[in-house]
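A.B. asks: Taken in order, the sequence shown gives residues 1 to 232; the numbers are from the working numbering. Idealized CB from N, CA, C, for every residue including glycine.
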Amino acid sequence: MDNARTILLFGGSFNPPHLAHFELVHAALSALQLNHCEIIPSGNPWQKPHVAPVRHRLTMLELAVHDDAQRWQNLHPTTPYPIDINPIETLTHQASYTIDTLNQLHSLQPHTTFIWLIGSDQLANFHTWRDWRGILKHTHIAVAQRAGHEVSPEQLNDDVLRTYYQKHHCNAQSNQWRSQTHGLFIEFAAPLMDVSSTEIRTQLQQHRCSLKLDKFLTKNVQAYIFEHNLYQ
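#1: Are there 16 or more other CB atoms within 10 angstroms of the CB of A147, so buried, or fewer, so exposed?
#2: Please list, in chain order, all residues of the same chain as Q222 whose beta carbon is under 6 angstroms from its beta carbon, the five residues on each side excluded.
#3: Just to confirm my understanding: we take L192, look at its own chain, exclude 5 residues before and 5 after, and list those with CB closer than 8 angstroms. What are they?
#4: Using C-beta distances below 8 angstroms, list every residue in its chain close to E154, excluding the 5 sequence neighbours before and after it, in chain order.
#5: Across the segment 20-40 and the segment 111-119, are there enough close Cβ pairs to call them in contact, namely three or more that are closer than 8 angstroms?
#6: Suppose the cutoff is 6 angstroms on Cβ atoms and the five residues either side in sequence are ignored; what does the same chain contact list for F22 look like?
#7: Could you spell out the range, first to last residue, of the alpha helix (DSSP H) harbouring I70?
#8: So P77 and L58 are supposed to be a Cβ contact under 8 angstroms. How far apart are they, rounded?
#9: Hey, which unbroken runs of the beta strand (DSSP E) at 3 residues or more fall wholly within the segment 189-214?
#10: Which residues bound the alpha helix (DSSP H) around E23?
#11: Secondary structure at D84, three-state DSSP: helix, strand or coil?
#12: If we call anything under 9 angstroms between Cβ atoms a contact, is V25 one with I39?
#13: Here's a check: name, in chain order, each residue in its chain whose Cβ is nearer than 7 angstroms to the Cβ of A28, leaving out the five neighbours to either side.
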């Protein structure tokens, strides 16, 4: 498999985008030895109906990527920054479904291998995604096994997903996933991230001072949130 034709995809509402999102992407790129990730902000996430308007989430994500790129260049001055934003799901007013996004991407880039990045918490609910078996016909799934929150195949409640996962999973170091273009769950060790977008929103809504925003949000994202009174 040619890394130049393998793209890591990371979808989400990014409501708001925080530093742990980027820690996860960089960890996945490193584990899989890839050099390109497209972040895909959802337009109308069907499982998360109460989100900030897409124009705000997209702008915040652009600010966060800009800030992360600056940090990257300071650390890796000779290596191109590996992350782009793909707004494909924001261009429609319909609900965002991963299967539809992958169908579009595959039609646009039929010779590209895609790897969709999820956390182990999302793995437990993967059977609720629309046409999850169809998703696996277009992509591998990279599963971030966060320290202390690992999910084993035996813990999956859905019988069909559990059986599939047991037969079709490997770790990032394996050559198995490099020899085929889709259909595998690829596990990799990820750092423990002790914050979520939900927690950040809750803290902002309740005006708590206990959350040190600098630890979780870039300065530009913070400024944008306060300027537009988001999550109040």
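C.D. replies: Taking the structure as given:
#1: exposed
#2: L213
#3: R146, A147, G148, H149
#4: So the qualifying residues of the chain are R162.
#5: yes
#6: D68
#7: The residue you asked about is not Ile; residue 70 is Gln in the sequence shown. 54-75 is the span of the alpha helix (DSSP H), which, as asked, contains Q70.
#8: The pair is not a contact, with the Cβ atoms about 28 angstroms apart (cut-off 8 angstroms).
#9: Entirely contained in the segment 189-214, not one beta strand (DSSP E) run reaches 3 residues.
#10: Under the DSSP assignment, E23 falls in the alpha helix (DSSP H) whose first and last residues are 19-32.
#11: strand
#12: Yes, the pair counts as a contact, with Cβ atoms nearer than the cut-off.
#13: Listed in chain order, the non-local C-beta contacts of A28 below 7 angstroms within the same chain comprise L8, L117, A142, A144, F188, local neighbours out to five positions each way being set aside.
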